[in-house]
Amino acid sequence: MKKIIFLGLSACCLWACGSPSVKTSPSSAEFVSVDTLIDMQISLLDSVKPVVNKEIFVDGQTEDQRIKDVDWGKELAIFRELDISKPGLQDNYSLTSPAPGVRLYTLKSGKNSVVQHLKIQFASGASQIARMEGVIAQNNYLYKSEKLLSLDFQTSDQNSVYLANYKIKTTKKILFGDEEIMQIHAKLIE
């Protein structure tokens, strides 16, 4: 009887240990508030006022823009859609760590949310975010859309994190219509 109990407890311990890089339900502390990050970036960028070089690709046409006065609240609003830190959304995602300093939140099978995955990469040996990318998808019988969003950050000499560049790619397809693709590649210049 003692052997059976010992084997049962051993099996439970081995099962509980599993893979240390996979968590089926991340804790609230393991989520990054994208809204808070965007708010901090807006405040910082409003004070620094960097120039933005943009490449815009729409329907095979390319346009270059150099923008000096940017409304950062509007410019970064689309990235708020990546925020999965709200309590009602957290249980919809599993957390894996495919590499050191990387968190990958993936929508669980059978769960419903527009954010399909969110990947956050931290600077090596630091807690500052170096890169954030995510996929937002919406599908129904008449309409299909996907947004690929990414933000790249740098750390300043004062150890603060600031936005260096960002990319937005949207794909839209309406039933019986052509697929529309739009891309924006933006680089911030001081």
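Each step along the sequence shown adds one to the number in the working numbering, with nothing skipped, and position 177 is 180. Beta carbons are placed, not taken as given, at the ideal position from N, Cα and C, and that holds for glycine.
Within this structure, are the beta carbons of residue i and residue j separated by less than 9 Å?
i	j	result
residue 119	residue 137	yes
residue 35	residue 82	no
residue 165	residue 40	no
residue 151	residue 168	no
residue 163	residue 135	no
residue 68	residue 57	yes
residue 139	residue 117	yes
residue 156	residue 132	yes
In whole angstroms, what is the alpha-carbon distance linking residue i and residue j?
i	j	result
residue 173	residue 185	5 Å
residue 84	residue 149	12 Å
residue 33	residue 179	42 Å
residue 60	residue 146	22 Å
residue 177	residue 115	21 Å
Report the CB separation of residue i from residue j in whole angstroms; it is logged as a contact under 8 Å.
i	j	result
residue 183	residue 170	Rounded, the Cβ-Cβ distance is 17 Å, inconsistent with contact.
residue 55	residue 45	Between residue 45 and residue 55 the Cβ distance is about 14 Å, and since that is not below 8 Å, they are no contact.
residue 101	residue 107	6 Å
residue 96	residue 79	Actually they are not in contact, since the Cβ atoms of residue 96 and residue 79 sit about 22 Å apart, beyond 8 Å.
Starting from the C-beta of residue i, find all residues in its chain whose C-beta is less than 8 Å away, skip the five residues before and the five after it, and write them out in chain order.
i	result
residue 193	51, 53, 54
residue 88	31, 34, 35, 36, 37, 38
Hey, would you say the C-beta of residue i is under 8 Å away from at least one heavy atom of the ligand FMN?
i	result
residue 88	Annotation note on the ligand FMN: not contained in the displayed structure, which lists no ligands.
TODO: Note down, one range per segment and in chain order, each alpha helix (DSSP H) of at least 4 residues found wholly within the segment 36-61.
DONE: Taking 4 residues as the shortest admissible run, the segment 36-61 contains the following complete alpha helix (DSSP H) segments, listed from N- to C-terminal end: 37-51.
Open item on the list: My parser needs the alpha helix (DSSP H) runs of 4 or more residues fully inside the segment 61-91; what are they?
Closed with: Listed in chain order, the complete alpha helix (DSSP H) runs (minimum 4 residues) inside the segment 61-91 are 75-78.
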